[in-house]
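Each residue of the sequence shown is one higher than the last, beginning at 25 in the numbering used here. Beta carbons: idealized from backbone N, C-alpha and C, even for Gly. These numbers were taken from a predicted model, which means no experiment stands behind them. Working notes for the structure below.
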Amino acid sequence: MMVPTAGRKGNSGGFFAIVGALLVLAGLLLVPTHAFALDAHDFKMAGDATHTRIVANFDKEPEPRWFMLRGPHRLVIDLPKTRFAIDPKELKASGLVTNVRYGDLSGQASRLILEAKGPFLIDRLEIMKNEKAPGYRLVADLSASSQQAFDDALAEQAATTGSTEATPKSERLGLRTGREGQRFTVVIDAGHGGVDGGAAGPSGTAEKDITLTFATELRDKLKADGRYSVFMTRDKDEFLRLDDRVRIAREHDADLFISIHADTIRLKGIRGATVYTVSEKASDADAQALADRENLSDQLAGIVVEEENHEVADILVDLIKRETHSFSIRFARKLVGELSPTIGLINNPHRFAGFKVLKAPDVPSVLLELGYLSNVKDEEQLMSAEWRDKAATSIARAIEMFATSTDNAGG
Ligand code: ZN
């Protein structure tokens with residue numbers, strides 16, 4: 025490898041020496057007055073509107089200072105003067121993050137600013153040494169939160185003067201805060217909407233209209249009770265991503281999330297209401313098929329859903345283990361108990377499957393199928409104001425039992 029080629033390249037040595045000298049000269053001319061202390065590269069964001077992971081790679085160990093800002097909700101990361109080599113494609117809005125900016129700060133330092141869709145918590149912000157490549161990476165995990173939790177984290181940040189001690193502090197920032205004085209909060213989700221019409225009944229009833237009508241009536245009933253704070257994910261005919269529905273529940277620090285649906289099923293004879301909770305494994309094939317259809321909602325609306333990354337999949341597994349899940353099941357049972365004497369239920373009316381819309385880790389969540397639009401009688405009932413009122417009254421009773429039981433405190 026040495027002798028023969030060296031011989032053949034006889035006079036190329038001189039040529040390379042000249043090129044080399046020119047490159048050195050060009051390099052000297054291009055070096056700025058303040059050299060870069062860091063190189064940042066391979067910036068990536070993944071996740072959805074409830075959980076987003078941000079990763080940035082550095083050639084050397086960065087020692088960032090970071091803090092949160094409101095109006096709009098932002099995470100600011102300050103670094104020594106950094107040369108950013110970031111693919112503009114990676115800066116597109118993603119998950120919770122709507123906008124990424126970076127640049128020079130006073131000639132001596134650099135700043136990276138991530139703007140969020142709404143209030144958030146920093147679950148983690150860590151610097152790690154790359155195992156398989158040279159350099160270090162910064163990993164930040166953000167999750168959608170309530171305004172109160174965001175404000176509390178801001179207050180805590182002010183108290184601790186936004187230090188660089190990311191790991192222990194991020195744990196404190198991630199804690200949910202007390203919710204004294206807050207009324208029991210229900211977020212009602214009218215399934216589908218906008219371009220996503222959902223199922224359609226034999227006489228042309230669109231699921232998205234039924235769900236909105238019912239959700240609005242249920243909201244009014246709960247508000248009239250006076251003991252609850254009640255919010256809707258949508259109150260008009262508009263499209264909402266599934267993860268945005270979950271984010272809204274978290275933003276309101278909901279104690280309960282109820283997603284309202286009225287789908288169709290192959291067997292036209294099947295009728296009655298069903299209550300669903302989230303699960304990794306579906307209770308039966310029909311529940312699985314329903315969850316698959318509901319989870320397609322984003323694609324139906326033409327949104328390219330990014331490949332679910334491992335972190336997001338892990339979150340689903342994780343939340344099933346949490347206490348929240350047992351509260352979801354507890355409410356589902358109460359709901360079945362209240363609905364069964366007043367409106368018809370299908371056999372085994374509490375079922376479960378991997379619904380994306382039920383994955384808020386800290387909000388007990390159920391999906392209620394009021395009935396099947398594929399069944400003529402069910403469609404008739406869903407169109408009846410009297411029937412809907414009966415159903416809403418039963419749901420309100422189940423909520424009351426859940427809200428007043430002593431052991432339901434989520435946060
Ligand atoms: Zn539906």
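Asked, Found
"Can you check which of these residues, Leu115, Gly127 and Ala286, is closest to Phe60 by C-alpha distance?", "Gly127"
"Is the number of C-beta pairs between the stretch 366–374 and the stretch 251–271 that are closer than 8 Å three or more?", "no"
"Any chance the stretch 394–402 sits against the stretch 221–233, with 3 or more Cβ pairs inside 8 Å?", "yes"
"Within 7 Å: the Cβ of Ala223 and any heavy atom of ligand 1?", "yes"
"How would you call Asn154, buried or exposed, if buried means at least 16 neighbouring beta carbons within 10 angstroms?", "exposed"
"When DSSP builds the beta bridges, which residues end up paired with Phe82?", "Ala64 and Tyr160"
"Over what stretch of residues does the alpha helix (DSSP H) that includes Leu99 continue unbroken?", "Premise fails: Leu99 lies in the beta strand (DSSP E), Arg98 to Pro104, not in any alpha helix (DSSP H)."
"Just to confirm, does Glu231 get its C-beta within under 7 Å of one of the non-hydrogen atoms of ligand 1?", "yes"
"Could you check what DSSP says for Phe238 in three-state terms: helix, strand or coil?", "helix"
"Are the beta-carbon atoms of Leu145 and Ala179 separated by less than 8 Å?", "no"
"What does a CB cutoff of less than 6 Å around Ala416 pick up in its chain, not counting 5 residues either side in sequence?", "Glu241, Leu242 and Lys245"
"Counting pairs of beta carbons, one from the stretch 378–392 and one from the stretch 402–412, are three or more of them closer than 8 Å?", "no"
"Can you give me the Cβ contacts of Leu284 inside the same chain, cut-off strictly under 7 Å, excluding the 5 residues immediately before and after it?", "First, the amino acid is wrong: residue 284 is Ile here, not Leu. Only Ile212, Asp213, Ala214, Gly215, Thr235, Phe238, Ala239, Leu392 and Leu394 meet the Cβ criterion."
"Excluding the five sequence neighbours on either side, which residues of its own chain have a C-beta within less than 6 Å of the C-beta of Gly202, listed in chain order?", "Confidence at Gly202 is low in this model, with a pLDDT of 40, below 50, so its placement is unreliable and the value that follows should be read with caution. Correct list: empty, nothing qualifies."
"Beta-carbon within less than 6 Å of Ile272's beta-carbon, same chain only, minus the 5 sequence neighbours each way: which residues are those?", "Thr257"
"Exposed or buried, what is Ser118 when buried is set at 16 or more other beta-carbons lying within 10 Å of its beta-carbon?", "buried"
"Compute the minimum distance between the beta carbon of Asp310 and the heavy atoms of ligand 1, and state whether it is under 7 Å.", "no"
"Where does Leu246 sit, in a helix, a strand or coil, going by DSSP?", "helix"
"Is Glu318 near ligand 1, judged by its Cβ being under 7 Å from some heavy atom?", "yes"
"What residue range does the alpha helix (DSSP H) around Ser352 cover?", "Glu347 to Leu363"
"If you measure from the CB of Gly215, is any heavy atom of ligand 1 nearer than 7 Å?", "yes"
"Does the stretch 248–256 touch the stretch 308–325, meaning 3 or more C-beta pairs lie closer than 8 Å?", "no"
"Closest to Asp386 by CA distance: which of Ser418, Pro373, Ala356 and Phe351 is it?", "Phe351"
"In terms of DSSP beta bridges, what is Arg17 paired with?", "Absent from the model: residue 17. The displayed extent of the chain is 25 to 435, so no value can be given."
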